[in-house]
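Asks: Going down the list, the protein sequences come from chains A and B. Using the working numbering, the first residue of the first sequence is number 1, and each one after it goes up by one. Using the working numbering, the first residue of the second sequence is number 209, and each one after it goes up by one. Here it is, the structure in full.
There are 2 protein chains.
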Amino acid sequence: MEIEATTKTKILGAAERLFAEKGVAASSLREITQAAEVNLAAVHYHFGSKDGLVRELVQLRFAPVNAARLRGLDELEETLGGDPIPLPDLLRVFLKPALLEFSDPDSVFPRFIGRLHLEPHPDLMGWMQEVFQPVVDRFLGAMERSLPHVPKSVLLLRTSFMVGSMIHLLSCGRQHLGVFRCCVPAAADSGMVLEQLVGYSAAGLAHV
Amino acid sequence: MEIEATTKTKILGAAERLFAEKGVAASSLREITQAAEVNLAAVHYHFGSKDGLVRELVQLRFAPVNAARLRGLDELEETLGGDPIPLPDLLRVFLKPALLEFSDPDSVFPRFIGRLHLEPHPDLMGWMQEVFQPVVDRFLGAMERSLPHVPKSVLLLRTSFMVGSMIHLLSCGRQHLGVFRCCVPAAADSGMVLEQLVGYSAAGLAHV
DNA sequence: GTTCTTTTTAAACGAACGTTCGAGCCGGTC
DNA sequence: GACCGGCTCGAACGTTCGTTTAAAAAGAAC
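See the structure below:
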């Protein structure tokens, strides 16, 4: 279905694209409204402020990702009863919603997701934590049950390694943008990248 | 030895600290010179521009890290003759110079290193790539020899996972700053964190 | 002490930023 | 036609940014 190109949606679209490319702080409202072909003041009319626009965009894009993660975890737990979830399944359910549009070269969604994790903006960090709180709580609990032989402090550390890999992958996107120019082969499709990250993270998280 | 607190070194120190905390774009020259207790114009006298300051700081802080990495790789290759380097040794030599001051709660060095990897500043990315080029070339070659059973495209992808873990660890630092509040246990010392990251990455890189 | 270079300083520059304001437009409803 | 609320528009607000200037201060050489 074709989404109606209202002023509000045009702003959201242009902002998402520019935020993904250059970050929030480096994208001015004048750039955004010019790209969206709307008036500068429209941002404050529809969102109140630049921070309001950022906040609405965070809600709009992260909510479905985290909802899909929780739904996937629900299904896994229902299927398995009380048994621990196999680590690769748990990781796949967590990582897949974020990597979903990774293979689409026109989608700015993955880089937007990744970039927002890296912004030094203090308020933004708080908004992100609100959105992520239930996901963090439930997945950390599930990981503890899946990896009972790993001490909790070590598990936290290794989980941050896993999250770091995901964020770096998303923020670099399909282009060779990282300092190491070794991000993602151009031919890689979304499913292959997902399975690689799942396999890599599962091996690292569970190793003795 | 006590480093002489000249105007130039005071600027470099204040800039490094502020860049580590809030990023390059969000740190104004007025903030930096005020923290350094020097005149605003001193930045342009000593560094030509804000970008000049950033560039000198990149050279100053990354050069020793990458030199140590290459020196460590030299020693490994000399010791082993032409044999492939055991992956944990290779990773340790790569990661240790960046994590060296990780256990020092007063050091901003790790977060500075991590933060600079994430800046959306286009020129900065180019400067970083110059500094990193020899490191990337030699370590990727060594990793190919250490992991002959892993296809090159997969190895590149997994290496970017490893780099992502490192950057995320550095940029979050010892505080629980990440969205997942699961970065590094407060009690963790530098050596333990290094060995965890080496073990995690080695398991992920080499897994079948 | 004088001269010349190096360094530091206060003040200002133009540009770009987020934000605000008020007039104007456009859809309905009486 | 008159009215009105939702929306858009151009123009300006005050602030902050990186940068520049020219003069004062400090230091070195003789």
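Here a beta-carbon is modelled for each residue, glycine too, at the ideal position from N, C-alpha and C.
#1: Run down chain A in chain order and give the residues with a C-beta less than 9 Å from the C-beta of residue 404 of chain B.
#2: Can you round the beta-carbon distance between residue 43 of chain A and residue 29 of chain A to whole angstroms, since I take them to be within the 8 Å contact cut?
#3: Just reading off the alpha helix (DSSP H) that residue 221 of chain B is part of, what are its end residues?
#4: Do residue 320 of chain B and residue 224 of chain B have their CB atoms nearer than 8 Å?
#5: Taking only beta-carbon positions, decide if residue 375 of chain B is within less than 8 Å of chain A.
#6: Assuming residue 118 of chain A contacts residue 93 of chain A (C-beta within less than 8 Å), just tell me the rounded distance between them.
#7: Tell me the DSSP secondary structure of residue 359 of chain B in three-state form.
#8: Does DSSP classify residue 280 of chain B as helix, strand or coil?
#9: Counting C-beta neighbours from all protein chains within 10 Å, is the total for residue 160 of chain A 16 or more, i.e. buried, or is it exposed?
#10: Counting only beta-carbon atoms, is residue 304 of chain B nearer than 8 Å to chain A?
#11: Taking DSSP as the reference, what is the three-state secondary structure of residue 44 of chain A?
#12: Using the C-alpha atoms, what's the distance from residue 215 of chain B back to residue 364 of chain B?
#13: Might you give, ordered along the chain, the residues of its own chain that have their beta carbon closer than 6 Å to the beta carbon of residue 413 of chain B, omitting 5 neighbours on each side?
#14: Between residue 87 of chain A and the rest of its own chain, which residues show a CB-CB distance below 8 Å, the 5 nearest in sequence each way excluded?
#15: Run down chain B in chain order and give the residues with a C-beta less than 7 Å from the C-beta of residue 50 of chain A.
#16: Taking only the alpha-carbon atoms, compute the straight-line gap between residue 135 of chain A and residue 66 of chain A and give it to the nearest angstrom.
#17: Distance, Cα to Cα, residue 81 of chain A vs residue 72 of chain A?
#18: I want to see whether chain A comes within less than 8 Å of residue 411 of chain B, judged by CB atoms only; does it?
#19: Since residue 378 of chain B and residue 318 of chain B are thought to touch, with beta carbons under 8 Å apart, how far apart are those beta carbons, to the nearest angstrom?
#20: Using a Cβ-Cβ distance cut-off of 8 Å, determine whether residue 349 of chain B contacts chain A.
#21: If we define contact as Cβ-Cβ less than 8 Å, is residue 164 of chain A a contact residue for chain B?
#22: State the DSSP-derived secondary structure class of residue 331 of chain B, mapped to helix, strand or coil.
#23: Just by C-beta distance, which residues in the stretch 4-31 of chain A are closer than 8 Å to chain B?
#24: I'd like to know whether the C-beta of residue 120 of chain A is nearer than 8 Å to at least one C-beta of chain B.
#25: Rounded to whole angstroms, what's the CA-CA distance from residue 98 of chain A to residue 163 of chain A? Just pull it up for me.
#26: Would you call the CB atoms of residue 332 of chain B and residue 232 of chain B closer than 8 Å?
#27: At a threshold of 7 Å, does residue 301 of chain B count as lining the ligand GTP (C-beta to nearest heavy atom)?
#28: Going by the CB atoms, is the gap between residue 167 of chain A and residue 213 of chain A shorter than 8 Å?
#29: Would residue 401 of chain B count as contacting chain A if we go by Cβ distances under 8 Å?
#30: What does the Cβ neighbour count give for residue 373 of chain B, buried or exposed, with the cut at 16 atoms within 10 Å?
#31: Can you tell me the Cα-Cα spacing of residue 291 of chain B and residue 189 of chain A, whole angstroms?
#32: Assign residue 9 of chain A to one of two classes, buried (16 or more other C-beta atoms within 10 Å of its C-beta) or exposed (fewer than that).
#33: Assuming residue 236 of chain A is part of the alpha helix (DSSP H), what are its boundary residues?
#34: Should residue 36 of chain A and residue 52 of chain A be called a contact, given that it needs their Cβ atoms to be closer than 8 Å?
Replies: Quick answer:
#1: Indexing the second sequence from 1 puts residue 404 of chain B at position 196. Going along chain A in sequence order, the residues near residue 404 of chain B (Cβ under 9 Å) are 154, 157, 158 and 161.
#2: Numbered from 1 along the first sequence, position 43 holds the residue referred to as residue 43 of chain A. Numbered from 1 along the first sequence, position 29 holds the residue referred to as residue 29 of chain A. Sure, about 5 Å apart at Cβ, within 8 Å.
#3: Here the question's residue 221 of chain B lines up with position 13 in the second sequence. Its alpha helix (DSSP H) spans residues 215-230.
#4: Indexing the second sequence from 1 puts residue 320 of chain B at position 112. Indexing the second sequence from 1 puts residue 224 of chain B at position 16. It is a contact, given that the beta carbons lie within the stated cut-off.
#5: Numbered from its first residue, the second sequence carries residue 375 of chain B at position 167. Chain A contact via Cβ: present.
#6: Counted from its first residue, the first sequence places residue 118 of chain A at position 118. Counted from its first residue, the first sequence places residue 93 of chain A at position 93. Actually they are not in contact, since the Cβ atoms of residue 118 of chain A and residue 93 of chain A sit about 24 Å apart, beyond 8 Å.
#7: Here residue 359 of chain B is taken as the residue at index 151 of the second sequence, counted from 1. If DSSP states are grouped into helix, strand and coil, residue 359 of chain B belongs with coil.
#8: Taking the first residue of the second sequence as position 1, residue 280 of chain B is located at position 72. Helix, per DSSP.
#9: The residue labelled residue 160 of chain A in the question sits at position 160 within the first sequence. Buried is the call here.
#10: For the purposes of this step, residue 304 of chain B is taken as the residue at position 96 of the second sequence. It does not: the Cβ of residue 304 of chain B has no partner Cβ on chain A nearer than 8 Å.
#11: As a first step, residue 44 of chain A is located in the first sequence; it is residue number 44 there, counting from the start. Note: residue 44 of chain A maps to helix in three-state DSSP.
#12: Residue numbering aside, residue 364 of chain B sits at position 156 when the second sequence is read from its first letter. Residue numbering aside, residue 215 of chain B sits at position 7 when the second sequence is read from its first letter. About 43 Å.
#13: Indexing the second sequence from 1 puts residue 413 of chain B at position 205. Around residue 413 of chain B: 366.
#14: Within the first sequence, residue 87 of chain A is the residue found at index 87, counting from 1. Answer for residue 87 of chain A: 143, 146, 147, 202, 205 and 206, listed in chain order.
#15: The residue you call residue 50 of chain A lines up with position 50 of the first sequence. Those within 7 Å of residue 50 of chain A in chain B number zero; the least Cβ separation is about 14 Å.
#16: As a working note, residue 135 of chain A is residue 135 in the first sequence. As a working note, residue 66 of chain A is residue 66 in the first sequence. Each residue's alpha carbon lies about 7 Å from the other.
#17: What you label residue 81 of chain A is simply residue 81 of the first sequence in a count that begins at 1. What you label residue 72 of chain A is simply residue 72 of the first sequence in a count that begins at 1. So the alpha carbons of these two residues sit roughly 14 Å apart.
#18: Counting from one through the second sequence, the residue named residue 411 of chain B turns up at place 203. Interface residue, yes.
#19: As a position in the second sequence, residue 378 of chain B is number 170, starting the count at 1. As a position in the second sequence, residue 318 of chain B is number 110, starting the count at 1. Contact holds; Cβ gap of about 5 Å.
#20: Translated into the one-based positions of the second sequence, residue 349 of chain B becomes position 141. No, its Cβ sits nowhere closer than 8 Å to a Cβ of chain A.
#21: The sequence position of residue 164 of chain A within the first sequence is 164, counting from 1. Cβ-Cβ to chain B under 8 Å: yes for residue 164 of chain A.
#22: Counting from one through the second sequence, the residue named residue 331 of chain B turns up at place 123. Reduced to three states, the DSSP call for residue 331 of chain B is helix.
#23: 21, 22, 23, 25 and 26
#24: Numbered from 1 along the first sequence, position 120 holds the residue referred to as residue 120 of chain A. By this cut-off, residue 120 of chain A is an interface position.
#25: The residue you call residue 98 of chain A lines up with position 98 of the first sequence. The residue you call residue 163 of chain A lines up with position 163 of the first sequence. Computed Cα separation, rounded: 11 Å.
#26: The sequence position of residue 332 of chain B within the second sequence is 124, counting from 1. The sequence position of residue 232 of chain B within the second sequence is 24, counting from 1. A contact, by the Cβ cut-off of 8 Å.
#27: Ligands in the displayed structure: none, and consequently the ligand GTP is not present.
#28: Any question about residue 213 of chain A goes unanswered here, given that chain A covers just 1 to 208.
#29: Reading the second sequence from its first residue, position 193 is the one you call residue 401 of chain B. So, interface residue.
#30: Here residue 373 of chain B refers to the residue found at position 165 of the second sequence. Classification of residue 373 of chain B: buried, given that the 10 Å Cβ count is 16 or more.
#31: Translated into the one-based positions of the second sequence, residue 291 of chain B becomes position 83. Translated into the one-based positions of the first sequence, residue 189 of chain A becomes position 189. For residue 291 of chain B and residue 189 of chain A, the distance between alpha carbons rounds to 34 Å.
#32: In the first sequence, counting from the first residue as 1, residue 9 of chain A sits at position 9. Exposed, because fewer than 16 other Cβ atoms sit within 10 Å of the Cβ of residue 9 of chain A.
#33: Any question about residue 236 of chain A goes unanswered here, given that chain A covers just 1 to 208.
#34: Within the first sequence, numbered from 1, the residue matching residue 36 of chain A stands at position 36. Within the first sequence, numbered from 1, the residue matching residue 52 of chain A stands at position 52. Cβ atoms of residue 36 of chain A and residue 52 of chain A: not closer than 8 Å.
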